[in-house]
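A.B. asks:
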Amino acid sequence: MCGIVGAIAERNITPVLVEGLKRLEYRGYDSAGVALLTEQGALDRRRRVGKVSELQAALQAEPLAGRLGIAHTRWATHGAPSERNAHPHFSGQELAVVHNGIIENHEELRERLKGLGYVFTSDTDTETIVHLLEHKLQQLGDLSAALKAAIPELHGAYGLAVISARQPDRLLAARSGSPLVIGLGLGENFLASDQLALRQVTDRFMYLEEGDIAEIRRDGVQVWDAAGNPVQREAVQYHEGAEAADKGEYRHFMLKEIHEQPKVVQRTLEGRLGSDHVLVQAFGPQAAELFAKVKNVQIVACGTSYHAGMVARYWLEELAGIPCQVEVASEFRYRKVVVQPDTLFVSVSQSGETADTLAALRNAKEQAPGQGGYLASLVICNVGTSSLVRESDLCLLTQAGPEIGVASTKAFTTQLVGLMLLTLALGQVHGSLDKALAAELVDELRRLPTRLGEALAMDKTVEKIAELFAEKHHSLFLGRGAQYPVAMEGALKLKEISYIHAEAYPAGELKHGPLALVDADMPVVTVAPNNELLEKLKSNLQEVRARGGELIVFADQQAGMSNGEGTHVVAMPHIHDLLAPILYTVPLQLLSYYVAVLKGTDVDQPRNLAKSVTVE
Ligand code: F6R
Numbered sequence: 001m002c003g004i005v006g007a008i009a010e011r012n013i014t015p016v017l018v019e020g021l022k023r024l025e026y027r028g029y030d031s032a033g034v035a036l037l038t039e040q041g042a043l044d045r046r047r048r049v050g051k052v053s054e055l056q057a058a059l060q061a062e063p064l065a066g067r068l069g070i071a072h073t074r075w076a077t078h079g080a081p082s083e084r085n086a087h088p089h090f091s092g093q094e095l096a097v098v099h100n101g102i103i104e105n106h107e108e109l110r111e112r113l114k115g116l117g118y119v120f121t122s123d124t125d126t127e128t129i130v131h132l133l134e135h136k137l138q139q140l141g142d143l144s145a146a147l148k149a150a151i152p153e154l155h156g157a158y159g160l161a162v163i164s165a166r167q168p169d170r171l172l173a174a175r176s177g178s179p180l181v182i183g184l185g186l187g188e189n190f191l192a193s194d195q196l197a198l199r200q201v202t203d204r205f206m207y208l209e210e211g212d213i214a215e216i217r218r219d220g221v222q223v224w225d226a227a228g229n230p231v232q233r234e235a236v237q238y239h240e241g242a243e244a245a246d247k248g249e250y251r252h253f254m255l256k257e258i259h260e261q262p263k264v265v266q267r268t269l270e271g272r273l274g275s276d277h278v279l280v281q282a283f284g285p286q287a288a289e290l291f292a293k294v295k296n297v298q299i300v301a302c303g304t305s306y307h308a309g310m311v312a313r314y315w316l317e318e319l320a321g322i323p324c325q326v327e328v329a330s331e332f333r334y335r336k337v338v339v340q341p342d343t344l345f346v347s348v349s350q351s352g353e354t355a356d357t358l359a360a361l362r363n364a365k366e367q368a369p370g371q372g373g374y375l376a377s378l379v380i381c382n383v384g385t386s387s388l389v390r391e392s393d394l395c396l397l398t399q400a401g402p403e404i405g406v407a408s409t410k411a412f413t414t415q416l417v418g419l420m421l422l423t424l425a426l427g428q429v430h431g432s433l434d435k436a437l438a439a440e441l442v443d444e445l446r447r448l449p450t451r452l453g454e455a456l457a458m459d460k461t462v463e464k465i466a467e468l469f470a471e472k473h474h475s476l477f478l479g480r481g482a483q484y485p486v487a488m489e490g491a492l493k494l495k496e497i498s499y500i501h502a503e504a505y506p507a508g509e510l511k512h513g514p515l516a517l518v519d520a521d522m523p524v525v526t527v528a529p530n531n532e533l534l535e536k537l538k539s540n541l542q543e544v545r546a547r548g549g550e551l552i553v554f555a556d557q558q559a560g561m562s563n564g565e566g567t568h569v570v571a572m573p574h575i576h577d578l579l580a581p582i583l584y585t586v587p588l589q590l591l592s593y594y595v596a597v598l599k600g601t602d603v604d605q606p607r608n609l610a611k612s613v614t615v616e
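Just so it is clear: in the sequence shown, position 26 is 26 by UniProt numbering, and no numbers are missing.
Written out as structure tokens, the structure reads:
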């Protein structure tokens with residue numbers, strides 16, 4: 001997804017902008033650009049299709065220096081990936097803009113601005129912003145006043161950064177539906193769509209809120225809220241080491257993040273477990289009171305986070321006895337939903353900025369409780385400063401740390417931990433959860449980081465299994481019960497990064513259709529913990545073998561399964577059945593990783609995908 005970096009300083013900021021863009025590469029993009037106000041007082045830019053390294057090469061061939069500038073990585077929404085569509089966009093030689101998000105009324109604006117004599121040089125919605133601003137600047141003579149006047153005419157979602165050759169002492173920003181953060185320095189200040197881009201230059205940040213406009217100067221920042229009133233936004237010190245954005249000894253961020261899981265699961269549990277129960281206050285001061293009223297749960301999320309929600313449905317109904325529905329946010333947000341009384345709305349998101357999930361939360365909040373609305377909203381999220389966290393009543397922050405690989409790994413397992421904590425907390429408050437079982441699960445959760453470490457130690461075994469996929473084009477993933485969503489997640493990982501077509505089915509569905517696909521060219525991956533569904537699963541696997549299908553089975557070491565002709569069994573550490581979905585995810589992540597490495601794909605930035613999907 002698009003990324004923004006901006007800077008105003010007393011030094012040449014080109015390296016800061018380029019380094020910032022490099023740090024945002026993980027979000028996915030197709031072109032990059034930078035615009036600076038040069039020492040001659042003119043705006044100049046370089047733009048390139050492809051990676052930031054192409055832009056760097058262009059800057060080496062034709063250097064550009066300045067003390068005020070903006071930069072962008074673009075993920076095409078309006079107009080193909082091309083140099084003319086890449087940001088920054090100019091209006092004449094006076095004004096430059098970079099933009100994340102979508103301007104919905106861009107066609108109408110384009111016609112109006114053309115009528116006023118503006119000449120468009122791109123197919124983007126963003127170019128309407130820069131000409132509209134120029135028009136307002138002509139009328140008002142001041143950049144901040146021009147931006148304030150233009151904003152009400154822009155419909156849609158945006159994070160904007162603006163510079164003008166006429167007013168070289170300021171960098172302007174506006175936020176509505178797309179995050180922006182100001183990085184605070186000494187005698188210099190910065191702007192980005194994600195603080196990760198700025199950790200190289202500062203550890204003090206100011207987060208803009210919805211509707212904010214900011215004027216950033218070298219010696220200070222002025223913010224106005226949506227109503228136009230001057231406001232003070234708090235400056236927050238960031239603590240985690242900047243090294244989080246490095247690959248360290250690993251070849252890819254994805255592998256590093258898979259191996260971080262014991263540590264980040266441990267962190268996600270810290271401070272949230274009592275001796276034999278979950279600390280309900282971990283969800284916020286009003287959690288106990290609210291949880292007591294919950295009669296239903298509605299989970300909404302996208303992609304991998306949706307799979308976490310699917311697992312939680314099994315847990316919530318089995319352990320807490322609370323009816324639960326799960327839906328993908330892009331469907332939920334446009335559907336007329338019948339809300340059961342006293343339903344807790346739960347969103348799950350790594351980034352906390354996914355446009356569909358955020359829109360679903362906003363829709364959910366529109367109706368008041370008691371008038372057909374939700375009781376309250378809760379988010380399980382990895383980014384404490386994100387929009388979903390700010391806009392939800394309650395939150396549980398996962399402690400996965402920055403996830404750079406586009407394919408979500410450690411975010412998923414920590415989400416599952418968060419959702420298990422929620423299940424236990426609801427079960428405790430309602431008295432529906434057996435106390436001995438709660439105590440057993442709390443113990444098991446404490447042991448989970450060790451179990452995850454044991455699963456990671458199977459790295460080399462899984463790498464060997466991956467060779468079976470090198471020449472394959474299709475695969476099936478099977479699971480039963482709460483392992484079905486784990487199979488879905490395994491299939492999603494494989495298709496995302498190796499581009500092998502993978503489908504997941506509840507194993508019992510096999511004979512209702514997909515069995516027709518099974519032959520020697522279709523590897524079938526199965527997760528088989530030692531639970532009451534194991535015997536049924538074994539029969540399903542017989543059905544596959546009888547059709548010549550090659551089986552890869554990740555099975556509990558006590559499940560009594562062994563290697564055989566066309567059957568590859570990987571023995572998993574024994575774990576409580578209810579926590580098995582967390583553990584069995586790990587070998588599936590490793591499998592997709594090693595298949596992708598064998599296929600030579602771009603593991604951390606797979607084609608066509610973006611890390612944080614902040615547009616619809
Ligand atoms: C898959 C993946 C995506 C995200 C989805 C939701 O590996 O990363 O499917 O899970 O885009 O993103 P968040 O969790 O940030 O809301």
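For each residue, glycine too, the CB sits at the ideal point set by N, CA and C.
Predicted, not measured: the structure shown is a model, and the values here were computed from it.
(1) Mapping DSSP to helix, strand and coil, what is H99?
(2) Which term fits N608, buried or exposed, when burial requires 16 or more other beta carbons within 10 angstroms of its beta carbon?
(3) Relative to ligand 1, is the shortest distance from any of its heavy atoms to the C-beta of Q605 smaller than 7 angstroms?
(4) Quick check on DSSP: helix, strand or coil for K536?
(5) So within the stretch 143 to 226, which uninterrupted alpha helix (DSSP H) runs reach at least 4 residues, ignoring any that extend past its ends?
(6) So within the UniProt domain "SIS" (287 to 432), which uninterrupted beta strand (DSSP E) runs reach at least 3 residues, ignoring any that extend past its ends?
(7) According to DSSP, which residues form a beta bridge with T526?
(8) Within 10 Å of its beta-carbon, does T121 have 16 or more other beta-carbons around it, so buried, or fewer, so exposed?
(9) Within the chosen definition, does the stretch 250 to 263 reach the stretch 404 to 411 through at least 3 CB pairs nearer than 8 angstroms?
(10) Inspect the beta-carbon positions of D276 and A439 and report whether they are closer than 8 angstroms.
(11) For G248, count the other beta carbons within 10 Å of its own beta carbon; 16 or more makes it buried, fewer makes it exposed. Which is it?
(12) In the DSSP assignment, what residue or residues form a beta bridge with I8?
(13) Where DSSP assigns a beta bridge to P506, which residues make up the other side?
(14) Is E496 near ligand 1, judged by its Cβ being under 7 angstroms from some heavy atom?
(15) Measure the CB-CB distance between G3 and S193 and report whether it falls below 8 angstroms.
(16) Going by CA-CA distance only, name the one from Y594, C302 and K295 that's closest to E467.
(17) Report the rounded CA-to-CA distance for N85 versus D123, giving the unit in angstroms.
(18) With 16 other CB atoms within 10 Å as the buried threshold, where does H474 fall?
(19) Put E243 into one of helix, strand or coil per three-state DSSP.
(20) Under the rule that 16 or more other beta-carbon atoms within 10 Å means buried, what is residue 620, buried or exposed?
(21) I need the straight-line Cα distance from G418 to A292, nearest angstrom please.
(22) Using the Cα positions of E403 and M206, report the straight-line distance between them to the nearest angstrom.
(23) Just verifying my parser: in three-state terms, what is the DSSP assignment at L132?
(24) Leaving out the 5 sequence neighbours to the left and right, which residues in its chain are closer than 7 angstroms to T128 when beta-carbon positions are compared?
(25) Under the rule that 16 or more other beta-carbon atoms within 10 Å means buried, what is R480, buried or exposed?
(26) On a Cα-Cα basis, can you pick out the residue from G508, P529 and V544 that is closest to D521?
(27) Going by DSSP in three states, V613 sits in which element: helix, strand or coil?
(28) Roughly how far, in whole angstroms, is the beta-carbon of E327 from the beta-carbon of V300, given that I think they are within contact range, below 8 angstroms?
(29) Hey, how far is the Cα of A7 from the Cα of G115?
(30) In whole angstroms, give me the CA-to-CA distance for E243 and R199.
(31) Report the rounded CA-to-CA distance for Q56 versus V18, giving the unit in angstroms.
(32) I'd like the list of long-range same chain contacts for F332, defined as Cβ closer than 7 angstroms, with 5 residues on each side in sequence excluded.
(33) Beta carbon of D212, beta carbon of R175: below 8 angstroms?
(34) When the Cα atoms are used, what is the spatial distance from L551 to Q557?
(35) Just checking T385 against ligand 1 - is the residue's beta carbon closer than 7 angstroms to any of the ligand's heavy atoms?
(36) If you measure from the CB of V389, is any heavy atom of ligand 1 nearer than 7 angstroms?
C.D. replies: In short, the structure shows the following:
(1) Position 99 of the sequence shown, counting from 1, holds the residue named residue 99. Strand, per DSSP.
(2) Here the question's residue 608 lines up with position 608 in the sequence shown. Within a 10 Å sphere around the beta-carbon of N608 sit fewer than 16 other beta-carbons, which makes this residue exposed.
(3) In the sequence shown, counting from the first residue as 1, residue 605 sits at position 605. Not under cutoff, so the answer is no.
(4) Sequence index remark: in the sequence shown, residue 536 carries index 536 (1-based). In the three-state reduction of the DSSP assignment, K536 falls in the helix class, which pools H, G and I.
(5) For the stretch 143 to 226, whole alpha helix (DSSP H) runs of length 4 or above, ordered along the chain, are 143 to 150.
(6) Taking only runs of at least 3 residues, the beta strand (DSSP E) segments lying wholly in the UniProt domain "SIS" (287 to 432) are 296 to 301, 324 to 328, 343 to 349, 376 to 381 and 394 to 397.
(7) Position 526 of the sequence shown, counted from the first residue, corresponds to residue 526. For T526, the pairing in a beta bridge is given by DSSP as L478 and V553.
(8) As a first step, residue 121 must be located in the sequence shown, where it is residue number 121. By the 10 Å Cβ count, T121 comes out exposed.
(9) Between the stretch 250 to 263 and the stretch 404 to 411 there are three or more inter-stretch CB-CB distances shorter than 8 angstroms, so the stretches are counted as touching.
(10) Here the question's residue 276 lines up with position 276 in the sequence shown. Here the question's residue 439 lines up with position 439 in the sequence shown. Yes, they are a contact pair.
(11) Numbered from its first residue, the sequence shown carries residue 248 at position 248. Its Cβ having fewer than 16 others within 10 Å, G248 is exposed.
(12) Here residue 8 refers to the residue found at position 8 when the sequence shown is read from its first residue. L68 and N189.
(13) Along the sequence shown, read from residue 1 onward, the residue named residue 506 stands at position 506. Bridge partners of P506: G479.
(14) Here residue 496 refers to the residue found at position 496 when the sequence shown is read from its first residue. Flag set: Cβ of E496 near ligand 1.
(15) One-based indexing of the sequence shown puts residue 3 at position 3. One-based indexing of the sequence shown puts residue 193 at position 193. Between G3 and S193, the C-beta gap is smaller than 8 angstroms, which places the two residues in contact.
(16) Translated into positions along the sequence shown, residue 467 becomes position 467. The shortest C-alpha to C-alpha distance from E467 to any of Y594, C302 and K295 is the one to Y594.
(17) Translated into the one-based positions of the sequence shown, residue 85 becomes position 85. Translated into the one-based positions of the sequence shown, residue 123 becomes position 123. Rounded to whole angstroms, N85 and D123 show a C-alpha spacing of 6 angstroms.
(18) By one-based count along the sequence shown, residue 474 stands at place 474. By the neighbour-count rule (16 or more Cβ atoms within 10 Å), H474 is not buried but exposed.
(19) The residue you call residue 243 lines up with position 243 of the sequence shown. The predicted model places E243 with a pLDDT of 48, which falls under 50 and marks its position as unreliable; any figure quoted below should be read in that light. Of the three classes helix, strand and coil, the one that applies to E243 here is helix, per DSSP.
(20) Shown here, the chain extends from 1 to 616; a query on residue 620 therefore has no answer.
(21) Taking the sequence shown and counting its residues from 1, one reaches residue 418 at position 418. Taking the sequence shown and counting its residues from 1, one reaches residue 292 at position 292. C-alpha separation (whole angstroms): 19 angstroms.
(22) The residue labelled residue 403 in the question sits at position 403 within the sequence shown. The residue labelled residue 206 in the question sits at position 206 within the sequence shown. Approximately 21 angstroms, taken between the alpha carbons.
(23) Along the sequence shown, read from residue 1 onward, the residue named residue 132 stands at position 132. Secondary structure at L132: helix, using DSSP grouped into helix, strand and coil.
(24) On the sequence shown, position 128 is the one that residue 128 refers to. I103, H106, L109, R110 and L113, listed in sequence order.
(25) As a working mapping, residue 480 is identified with position 480 in the sequence shown. R480 is buried by the Cβ-count criterion.
(26) To locate residue 521, count along the sequence shown from 1; it is residue 521. When only C-alpha atoms are compared, the closest one is V544.
(27) For the purposes of this step, residue 613 is identified with residue 613 of the sequence shown, where counting begins at 1. Coil at V613, not helix or strand.
(28) Along the sequence shown, one-based indexing puts residue 327 at 327. Along the sequence shown, one-based indexing puts residue 300 at 300. Indeed they touch by this definition, with Cβ atoms about 6 angstroms apart.
(29) On the sequence shown, position 7 is the one that residue 7 refers to. On the sequence shown, position 115 is the one that residue 115 refers to. Each residue's Cα considered, the two are about 34 angstroms apart.
(30) Translated into the one-based positions of the sequence shown, residue 243 becomes position 243. Translated into the one-based positions of the sequence shown, residue 199 becomes position 199. With a pLDDT of 48 at E243, under the threshold of 50, the modelled position of this residue cannot be trusted, and the question is left open.
(31) For the purposes of this step, residue 56 is taken as the residue at position 56 of the sequence shown. For the purposes of this step, residue 18 is taken as the residue at position 18 of the sequence shown. Across the structure, Q56 and V18 are spaced so that their CA atoms are roughly 7 angstroms apart.
(32) On the sequence shown, position 332 is the one that residue 332 refers to. Correct list, in chain order: V300 and A360.
(33) Mapped onto the sequence shown, residue 212 falls at position 212. Mapped onto the sequence shown, residue 175 falls at position 175. Yes.
(34) The sequence position of residue 551 within the sequence shown is 551, counting from 1. The sequence position of residue 557 within the sequence shown is 557, counting from 1. Rounded to whole angstroms, L551 to Q557 spans 17 angstroms at the Cα level.
(35) Taking the first residue of the sequence shown as 1, we reach residue 385 at position 385. No, Cβ of T385 sits at least 7 angstroms from all heavy atoms of ligand 1.
(36) Here the question's residue 389 lines up with position 389 in the sequence shown. No, since every heavy atom of ligand 1 falls outside the 7 angstroms radius drawn around the Cβ of V389.
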